[in-house]
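My numbering numbers the first residue of the sequence shown as 1049 and each following residue consecutively. All C-beta atoms in this analysis are idealised placements derived from N, C-alpha and C, irrespective of residue type, glycine included. These notes are about the structure you will find just below.
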Amino acid sequence: GAAQKVFLEVDMDDPDMNMKMMRLSVLQGKKLSDMFSDSDYNKLNIFFRDTMGMPLTLLNTMKPFVLFSLLTLKSLPCPQPQSYEMTFVKMAKEQHKAVEGLETIEEQMKIFDDMPDSVQVQTVMRYINEFDEQKKEFAKMMHAYHQQNAEALYRYIMSSPDIAGSEETLLFNRNRKWVPVMEQAMQKEKIFFAVGAGHLGGPQGLINLLREKGYTITGIREHEITKPAIDN
């Protein structure tokens, strides 16, 4: 049957999304150079100039998660990464389907804002200090993703030092909040849900939480997520 609605983590179809993202990405009352030690900021500056091809001065008012997002994109094995979220938004628009979010962009950004500055700084510095290793890890994760191996992906993510101590905040709490939202939406109509792969596996992942509620979960191949797959 046809999915009448598409749910992403946040409503990427919101016409005010870009404006909200920009507002939530800017540091208030401080700059990156205030958060990082002089030596770390210098190393970061050199890395962004030489590896990222952009001067850090352009980003000095941006929150560390913006840097982390750019670093993550750069470490992807493909030269021109495509956003699954925007692909789903485009498909939904073409098929006149509504797009909604499991949480608001404000809720999502607050997760990072609530992390101590020291943790945010440490995460960014670890990424640039271990950039080649991070790229290799990303390649492994992409392979697991294409193999539909949610449990392997979950293990990779949980073994990352960047998530240590933040599992509840980044994944588990959000999974538990999303399940009732999903249930309520599914009672009304057929829904296509798309979330980050780290939310799927493990005992507190969405797949297991939904199975515990009595739902039947089956996988579909990536090539099936096309226009006919949603239309059928």
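Same chain only: Cβ atoms within 6 Å of residue i, ignoring 5 sequence neighbours per side
| i | result |
| --- | --- |
| A1212 | none |
| A1242 | L1056, F1136 |
Residue i to residue j span [Cα, whole Å]
| i | j | result |
| --- | --- | --- |
| S1131 | K1138 | 11 Å |
| S1208 | T1109 | 27 Å |
| M1083 | Q1076 | 12 Å |
| V1229 | L1150 | 7 Å |
| E1057 | T1105 | 31 Å |
| T1217 | N1223 | 10 Å |
| M1190 | Y1204 | 11 Å |
| A1293 | L1258 | Residue 1293 lies beyond the range of the chain shown here (1049 to 1280); nothing can be said about it. |
| E1142 | D1098 | 40 Å |
| I1268 | D1165 | 40 Å |
| V1227 | G1244 | 14 Å |
| M1157 | P1063 | 18 Å |
| D1061 | E1148 | 8 Å |
Own chain, CB closer than 7 Å to residue i, minus 5 neighbours either side, in chain order
| i | result |
| --- | --- |
| Y1036 | Since the first residue of the chain shown is 1049 and the last is 1280, residue 1036 is not available in this structure. |
| C1186 | At residue 1186 the sequence reads Phe, which differs from the Cys that was named. Excluding positions up to five away in sequence, the list reads S1123, L1124, P1125. |
| N1177 | none |
Contact belief for residue i with residue j at Cβ below 8 Å, rounded distance in angstroms
| i | j | result |
| --- | --- | --- |
| K1068 | I1159 | With a Cβ gap of about 15 Å, K1068 and I1159 do not count as contacting. |
Helix, strand or coil at residue i [DSSP, three-state]
| i | result |
| --- | --- |
| V1229 | helix |
| F1084 | coil |
| L1056 | strand |
| E1148 | strand |
| H1271 | In this prediction, H1271 has a pLDDT of 49, which is less than 50 and means its spatial position is unreliable; nothing more can be read from the coordinates. |
| M1163 | coil |
| V1172 | helix |
Contact set for residue i: own chain, Cβ-Cβ below 8 Å, skip 5 residues either direction
| i | result |
| --- | --- |
| S1214 | M1163, V1167 |
| Q1252 | L1219, F1220, N1223, R1224 |
| V1114 | S1073, L1107 |
Exercise. Is there contact between the stretch 1153-1170 and the stretch 1250-1266, where contact requires at least three CB pairs shorter than 8 Å?
Worked result: no
Problem set entry | Any 3 or more C-beta pairs closer than 8 Å across the stretch 1247-1260 and the stretch 1195-1204 | yes
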